[in-house]
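Numbering (this note's numbering), first residue to last: 2 to 138.
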């Protein structure tokens, strides 16, 4: 039991590290929302994706999350792939939702999970497109 808990904590830290790394690699956003920012031009699409995926993502296994996270990382890093707004927010909102699952599994890490969720929900499609322009240079 204790080894499972230690293994899960290591996994949580790994997921957190990857989340921070991807956030920092996307040209450093300084916007942190408590929830989906209702004043954002993309708030409706984010809210729709959140409502459509909340229950499903909360039941993701770590393997499911890894697949989602690395698929997004690969597509975001690819110079030849430009995600649509819907695709981009589908990834970022799902990754943010998974933070709620981690908070439930690891209550002592609840604050970190909440901060991580806020960062993912604050991701901007416009910033993503700007980062793609920078990649082309």
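For glycine and all other residues, C-beta sits at the position ideal for the given N, C-alpha and C.
Presumed contact (8 Å Cβ cut-off) between residue 95 and residue 58, rounded CB distance: Taking the chain shown and counting its residues from 1, one reaches residue 95 at position 94. Taking the chain shown and counting its residues from 1, one reaches residue 58 at position 57. Going by Cβ atoms, the distance from residue 95 to residue 58 rounds to 5 Å, so yes, they are a contact pair.
Alpha-carbon to alpha-carbon, residue 82 and residue 64: Translated into the one-based positions of the chain shown, residue 64 becomes position 63. Translated into the one-based positions of the chain shown, residue 82 becomes position 81. So the alpha carbons of these two residues sit roughly 24 Å apart.
Contacting residues, own chain, Cβ-Cβ under 7 Å from residue 99 (five flanking each side not counted): The sequence position of residue 99 within the chain shown is 98, counting from 1. Hits under 7 Å: 58, 61 and 66.
Distance CB(residue 76)-CB(residue 84) smaller than 8 Å: Sequence index remark: in the chain shown, residue 76 carries index 75 (1-based). Sequence index remark: in the chain shown, residue 84 carries index 83 (1-based). For residue 76 and residue 84, yes; Cβs fall inside 8 Å.
DSSP three-state assignment for residue 101, whether helix, strand or coil: Residue numbering aside, residue 101 sits at position 100 when the chain shown is read from its first letter. Here residue 101 sits in helix by DSSP.
Candidates 108, 43, 120 and 101: closest to residue 56 by CA position: Along the chain shown, one-based indexing puts residue 56 at 55. If we check each option's Cα against that of residue 56, 101 comes out closest.
Residue closest to residue 43, alpha-carbon to alpha-carbon, out of 126, 105 and 54: Indexing the chain shown from 1 puts residue 43 at position 42. Ranking the options by Cα distance to residue 43, first place goes to 126.
For residue 67, three-class secondary structure by DSSP: As a working mapping, residue 67 is identified with position 66 in the chain shown. Three-state DSSP puts residue 67 in a helix.
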